[in-house]
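Chains A and B supply the protein sequences, listed in that same order. 201 is the number that the working numbering gives to position 15 of the first sequence; each next residue is one higher, with no gaps. 633 is the number that the working numbering gives to position 356 of the second sequence; each next residue is one higher, with no gaps. All C-beta atoms, glycine included, are put in the ideal place defined by N, C-alpha and C. What follows is a short report on a single structure.
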Amino acid sequence: MEKILPNKKPTALDFIIIAIFLAFALLFIFFSVGGESLSVTVTSDVGETTYPLDRDMTLHISSGGYNYTVEIKDGKAAVTEADCPDGICKSTRPIDRDGGSIICVPGGLLIKSNISHGEAENGKADIIIP
Amino acid sequence: MKKFISAFLAAVVFIAVLSSFSSCEKNEEKEYFDANFIAMDTAVTVRLARNSGKKDGRKIIYFDDAYLNEIKQNCADIAKEIEASLSRTIDGSIVSYINKETDCVLDIDGDFISLLNESFELSENTGGAFNITLGTLTELWNITGDTHRVPSAEEISDALSHTGNDKITVGASDVKKSDRKLKIDLGAIGKGYALEKITEYLESTDVLYGLVSFGGNVSVFGSKEIKGTKDEESQKYKIGITDPLDTSKVVGYVYIDSGYVSVSGDYERYFEENGIRYHHIFDPETGYPADSGLSSVAVICSDASTADALSTALFVMGYEKALDFYKSEKYDFEAVFTKKDGTTLLTSGLSESGMFEEYVEEPAEPANTD
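As structure tokens, then:
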């Protein structure tokens with residue numbers, strides 16, 4: 187004789203089990219995709235600030251009495267405007283996830299990539315000599 | 278109701294376990310405290326282990342940022358103080374006084390005199406490949422400045438006529454010049470010297486281990502044993518050497534547990550004109566950027582100033598002469614050479630010791646064999 191199962195409503199236990207699976211899924215996503223994002227650290231005479239490289243933005247920074255415009259675009263950071271005396275920072279190649287730094291000695295401005303060569307990103311090297 | 282309570286408790290335990298796993302991962306991510314500053318026109322990174330090694334029960338204690346920031350500031354102060362002596366461009370530096378059109382500079386401090394003597398000894402032992410009397414040439418080319426240009430042959434010849442170790446004499450606390458126009462440039466040894474002083478300071482602090490990157494120079498200090506591993510190999514520091522032909526890659530890794538690695542390459546500071554790259558490492562014989570067939574040289578040595586100076590000297594010599602120099606055993610060092618054609622070569626001690634691991638790129642798409 188065929189047994190017909192009763193059409194039960196979901197219980198609190200069902201919801202908890204679903205919540206556990208959801209929590210597990212979220213943690214899995216966090217550990218597999220998350221972690222330290224690609225970024226640059228800007229050190230000026232007022233301290234250090236880190237900005238993500240994957241978000242386009244324009245920064246207006248003052249350091250050592252000089253004014254700079256730093257543009258983060260397409261995963262690269264560059265000094266586009268500067269009123270410092272030598273302007274070397276403006277002619278420095280943009281930095282990206284592969285490392286490098288932009289230095290303005292007169293204003294004491296340092297823009298440094300936090301991720302080098304994709305290797306440090308994976309924790310494979312303690313440091314990579316630029 | 279009992280079922281509900283059991284399931285709820287199970288969920289709490291499960292999430293607690295996952296949370297503790299999560300916090301462990303975060304501590305692991307924060308193995309180092311990184312601090313950056315500028316000194317000697319270059320970026321300096323100080324990486325200090327956060328782990329103090331002291332255990333409160335089973336919990337490991339970490340240094341707070343204020344303490345590590347104070348150490349970073351002391352490192353910056355050491356670098357600034359040395360820069361104030363060695364800089365060519367800072368008014369009032371010892372080098373700036375020596376570089377004035379003068380016969381003699383008196384009352385020079387002992388550390389500076391020692392550095393000059395070490396520099397001249399390195400110059401003599403490398404057959405002049407390392408040379409600190411190229412100041413007129415450095416100024417003429419101004420590779421790192423905004424007014425860089427390719428000088429005429431006459432200008433280069435004139436600049437070279439004001440170089441040479443025989444035109445300068447170092448006394449106990451004074452320097453005499455027989456050519457008033459001679460200028461010294463400690464750019465090829467100064468960063469190594471500063472790095473050594475910073476590393477000595479860090480060894481005197483409570484920080485257990487760490488690294489300092491000073492331009493093309495890296496030092497490591499302390500022991501990574503605290504990380505919990507007893508394996509000697511995993512206690513070594515893994516230092517990546519940038520591929521000069523593609524700076525987004527590395528040629529390989531050097532494994533060291535102490536000492537210094539210094540790299541000189543044609544990719545670091547240069548300008549290009551008419552498709553030709555003019556870099557900052559000059560051949561003292563020609564007055565032009567060294568064209569020795571090498572693109573970079575990494576030197577591993579227990580002395581920072583020597584590592585810095587030799588990386589420049591070996592670059593100028595080229596691979597064959599550099600290998601002869603290595604075999605002469607005048608200095609105890611190992612080296613990684615990267616030629617302009619991309620070939621990477623090692624000194625025998627390095628290849629035999631297994632201290633170098635070549636970077637092997639992930640295989641790309643299968644090659645077309647047609």
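- Excluding sequence positions up to five before and after S329 of chain B, its CB lies within less than 6 Å of the CB of I338, F340, all in the same chain and listed in chain order.
- The beta carbon of V256 of chain A sits no closer than 8 Å to any beta carbon of chain B.
- Pairing A326 of chain B with G487 of chain B gives a Cβ-Cβ distance under 8 Å.
- Rounded to the nearest whole angstrom, the C-alpha separation of D543 of chain B and H557 of chain B is 7 Å.
- Contact of V291 of chain A with chain B by beta-carbon distance below 8 Å involves I315, D318.
- Beta-bridge partners assigned by DSSP to A312 of chain B: B:V323.
- Annotated three-state conformation of D585 of chain B is helix, per DSSP.
- Taken through DSSP and simplified to helix, strand or coil, N551 of chain B comes out as coil.
- Counting the other CB atoms within 10 Å of its CB gives L417 of chain B a total of 16 or more, which places it among the buried residues.
- With a threshold of 8 Å between beta carbons, A311 of chain A makes contact with chain B.
- Put simply, the backbone Cα of L295 of chain A is about 6 Å away from that of I289 of chain A.
- Distance from K515 of chain B to G570 of chain B at the Cβ level is roughly 28 Å; contact not present, criterion being Cβ atoms closer than 8 Å.
- Comparing C-alpha distances from K259 of chain A to each of A:D272, A:G251, A:L245 shows the shortest one belongs to A:L245.
- When rounded, the separation of the alpha-carbon atoms in S287 of chain A and I281 of chain A is 6 Å.
- Below 8 Å, too few C-beta pairs join the segment 511-530 of chain B and the segment 546-563 of chain B to call them touching: fewer than three.
- If you keep only unbroken beta strand (DSSP E) runs of at least 3 residues inside the segment 218-252 of chain A, you get 225-230, 233-238, 243-249.
- Classified as exposed, F207 of chain A has fewer than 16 neighbouring CB atoms from the shown chains inside 10 Å of its CB.
- A Cβ of chain A is located within less than 8 Å of the beta carbon of G493 of chain B.
- By the Cβ criterion, the segment 363-380 of chain B is in contact with the segment 456-468 of chain B, since at least three pairs of Cβ atoms, one from each stretch, lie closer than 8 Å.
- Distance from the CA of G631 of chain B to the CA of V538 of chain B, rounded to the nearest whole angstrom, comes to 16 Å.
- Taking C270 of chain A as the centre and dropping the five residues before and after it, the same chain places the C-beta of Y252, C290, P292, G293 closer than 6 Å to its C-beta, in chain order.
- For N328 of chain B, the secondary structure class from DSSP, reduced to helix, strand or coil, is strand.
- The secondary-structure analysis by DSSP pairs L622 of chain B across a beta bridge with B:F614.
- Not a single CB atom of chain B sits nearer than 8 Å to the CB of G250 of chain A.
- Residue pairing by DSSP places G405 of chain B in no beta bridge whatsoever.
- The continuous alpha helix (DSSP H) containing Y478 of chain B extends over residues 467-480.
- A distance below 7 Å between beta-carbons, with the five flanking residues on each side excluded, links N419 of chain B to the following residues of its chain, in chain order: H425.
- Fewer than three pairs of CB atoms, one per stretch, sit closer than 8 Å, so the segment 522-533 of chain B makes no contact with the segment 382-399 of chain B.
- Nearest to G536 of chain B by alpha-carbon distance, out of B:T322, B:E308, B:V495, is B:V495.
- Contact fails between the segment 308-318 of chain B and the segment 433-450 of chain B, because fewer than three Cβ pairs, one in each stretch, are under 8 Å apart.
- Its Cα nearest to that of L485 of chain B, the residue B:R324 stands out among B:R324, B:K377, B:D443.
- Note on M594 of chain B: 16 or more other CB atoms within 10 angstroms of its CB, so buried under the neighbour-count rule.
- Among the residues of chain A, those whose CB is under 7 Å from the CB of Y530 of chain B are A311, following chain order.
- Around the beta carbon of I204 of chain A, a 10 Å sphere encloses fewer than 16 other beta carbons of the protein chains shown; the residue is thus reported as exposed.
- In the DSSP annotation of this structure, the continuous segment of the beta strand (DSSP E) that includes Y339 of chain B starts and ends at 336-339.
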